[in-house]
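Trainee: With the sequence shown counted from 1, adding 19 to any position gets you our numbering.
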Amino acid sequence: MTPFGRTAAIFDVDDSLLDGNAGTIFTWYLYSEKVMRPEMRSRIPRIIYEYARKRLTEQDMVEVGSRCQQGLRADELKAHAHACFEKHLRKRITTGAVRQIRKHLLSGHLVVLASGSPQYIVDEIAHHLRVHVAVGTRTRVVDGRATDQIVPPVVFRDGKRAVVERIAAQYDLDLGRSFLYSDSAADTPLFELIGNPIIINPKPPFRTVAQRRGWDVVEWAERTKGALPPDTAEEWGSWGG
Numbered sequence: 020m021t022p023f024g025r026t027a028a029i030f031d032v033d034d035s036l037l038d039g040n041a042g043t044i045f046t047w048y049l050y051s052e053k054v055m056r057p058e059m060r061s062r063i064p065r066i067i068y069e070y071a072r073k074r075l076t077e078q079d080m081v082e083v084g085s086r087c088q089q090g091l092r093a094d095e096l097k098a099h100a101h102a103c104f105e106k107h108l109r110k111r112i113t114t115g116a117v118r119q120i121r122k123h124l125l126s127g128h129l130v131v132l133a134s135g136s137p138q139y140i141v142d143e144i145a146h147h148l149r150v151h152v153a154v155g156t157r158t159r160v161v162d163g164r165a166t167d168q169i170v171p172p173v174v175f176r177d178g179k180r181a182v183v184e185r186i187a188a189q190y191d192l193d194l195g196r197s198f199l200y201s202d203s204a205a206d207t208p209l210f211e212l213i214g215n216p217i218i219i220n221p222k223p224p225f226r227t228v229a230q231r232r233g234w235d236v237v238e239w240a241e242r243t244k245g246a247l248p249p250d251t252a253e254e255w256g257s258w259g260g
């Protein structure tokens, strides 16, 4: 038997699987709870200002989300990610994402979450949804503490494509028969690899691109309110954690 039928279902997280941006919410949580080191916390307002003035790119902000954890203990970050997920993110998971993940799991496909958000928070979402693989942006840990050194690649644009290609090689997947769910124009390099691209909640410019290329466009707006739908919870229990 071919593992996973050589088929993957890859889910972007921010503003598609999730109603909101996991990395932004986790960074806000660390800031508002005064978990960040004071020297990093003092920089956040200026970083937000620079991004609003378009002096920082979206990739810059992806990197900031992980680098702002500098100096914090890895075990503490895991605990804070769990608390943030339970308090703020669990209720933001969309029912459309849950249904599609369930469908792919029951079809025997490899289900992957791939996001530029920090690995700690992506892991929490993945654990809740019981998917097979979770990849986010990581920083090196030295002596049990996070540093500001990004472990390449940043899981954004070409970096996300590189990560998915690596996973495909590891599991002997055929990306031509695989699925990708994302809202982001930044994932265009990855969409071009995938045989079944599905665009979620696209903003108008990307919607036009998707329609021109003949890619499916769907809307995921309804939240699960924090629980798996009743008809899926029992079946999903067999997938483990």
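C-beta atoms are modelled at their ideal positions from N, C-alpha and C, and glycine is treated no differently. Small disclaimer: the values here were computed from a predicted structure and weren't measured.
Determine contact between the stretch 43 to 52 and the stretch 150 to 167, defined as no fewer than three beta-carbon pairs at a distance below 8 Å.
Mentor: The answer is no - the stretch 150 to 167 does not touch the stretch 43 to 52, with fewer than three Cβ pairs under 8 Å.
Trainee: At the level of alpha carbons, what is the spacing between valine 173 and glycine 155?
Mentor: As a position in the sequence shown, residue 173 is number 154, starting the count at 1. As a position in the sequence shown, residue 155 is number 136, starting the count at 1. So the two alpha carbons sit approximately 8 Å from each other.
Trainee: Within this structure, are the beta carbons of glycine 42 and proline 137 separated by less than 8 Å?
Mentor: The residue given as residue 42 occupies position 23 in the sequence shown. The residue given as residue 137 occupies position 118 in the sequence shown. Yes, they are a contact pair.
Trainee: In or out: histidine 99 buried (at least 16 other Cβ within 10 Å) or exposed?
Mentor: Position 80 of the sequence shown holds residue 99. Histidine 99 should be labelled buried.
Trainee: At the level of alpha carbons, what is the spacing between leucine 37 and isoleucine 140?
Mentor: Position 18 of the sequence shown holds residue 37. Position 121 of the sequence shown holds residue 140. About 12 Å.
Trainee: If you draw a straight line from the alpha carbon of arginine 159 to that of glutamine 168, how long is it in whole angstroms?
Mentor: Your numbering for residue 159 matches position 140 in the sequence shown. Your numbering for residue 168 matches position 149 in the sequence shown. Taking the straight line joining both Cα atoms gives about 6 Å.
Trainee: In terms of DSSP beta bridges, what is serine 201 paired with?
Mentor: In the sequence shown, residue 201 corresponds to position 182, counting from 1. Serine 201 pairs with Ile218.
Trainee: State the Cα-Cα distance for the pair isoleucine 44 and aspartate 162, rounded to the nearest angstrom.
Mentor: Mapped onto the sequence shown, residue 44 falls at position 25. Mapped onto the sequence shown, residue 162 falls at position 143. So the alpha carbons of these two residues sit roughly 27 Å apart.
Trainee: Could you check whether isoleucine 213 and valine 237 sit closer than 8 Å to each other, using their CB atoms as the reference points?
Mentor: Sequence index remark: in the sequence shown, residue 237 carries index 218 (1-based). Sequence index remark: in the sequence shown, residue 213 carries index 194 (1-based). It is not a contact, given that the beta carbons lie outside the stated cut-off.
Trainee: Pick out the complete alpha helix (DSSP H) segments inside the stretch 40 to 73, 4 residues or longer, and give them in chain order.
Mentor: Counting whole runs of 4 or more residues, the stretch 40 to 73 contains the alpha helix (DSSP H) stretches 41 to 51, 57 to 60 and 63 to 71.
Trainee: Can you tell me whether glycine 135 is buried or exposed? The criterion is at least 16 other CB atoms within 10 Å of its CB, across all chains shown.
Mentor: Reading the sequence shown from its first residue, position 116 is the one you call residue 135. Glycine 135 is buried by the Cβ-count criterion.
Trainee: Along the chain, where does the alpha helix (DSSP H) containing glutamine 89 start, and where does it finish?
Mentor: Numbered from 1 along the sequence shown, position 70 holds the residue referred to as residue 89. Per DSSP, glutamine 89 belongs to no alpha helix (DSSP H) and is neither H nor E.
Trainee: So, for isoleucine 67: in the same chain, excluding its five sequence neighbours on each side, which residues have a beta-carbon less than 7 Å away from its beta-carbon?
Mentor: As a first step, residue 67 is located in the sequence shown; it is residue number 48 there, counting from the start. Excluding residues within five positions, none has a Cβ falling inside 7 Å.
Trainee: Excluding five sequence neighbours on each side, which residues of the same chain lie with their C-beta closer than 7 Å to the C-beta of valine 182?
Mentor: By 1-based counting over the sequence shown, the position of residue 182 is 163. Excluding residues within five positions, the ones whose Cβ falls inside 7 Å are Ala133, Val154, Pro172 and Val174.
Trainee: For glutamate 143, is the classification buried or exposed, using 16 other Cβ atoms within 10 angstroms of its Cβ as the cut-off for buried?
Mentor: Sequence index remark: in the sequence shown, residue 143 carries index 124 (1-based). Result: buried.
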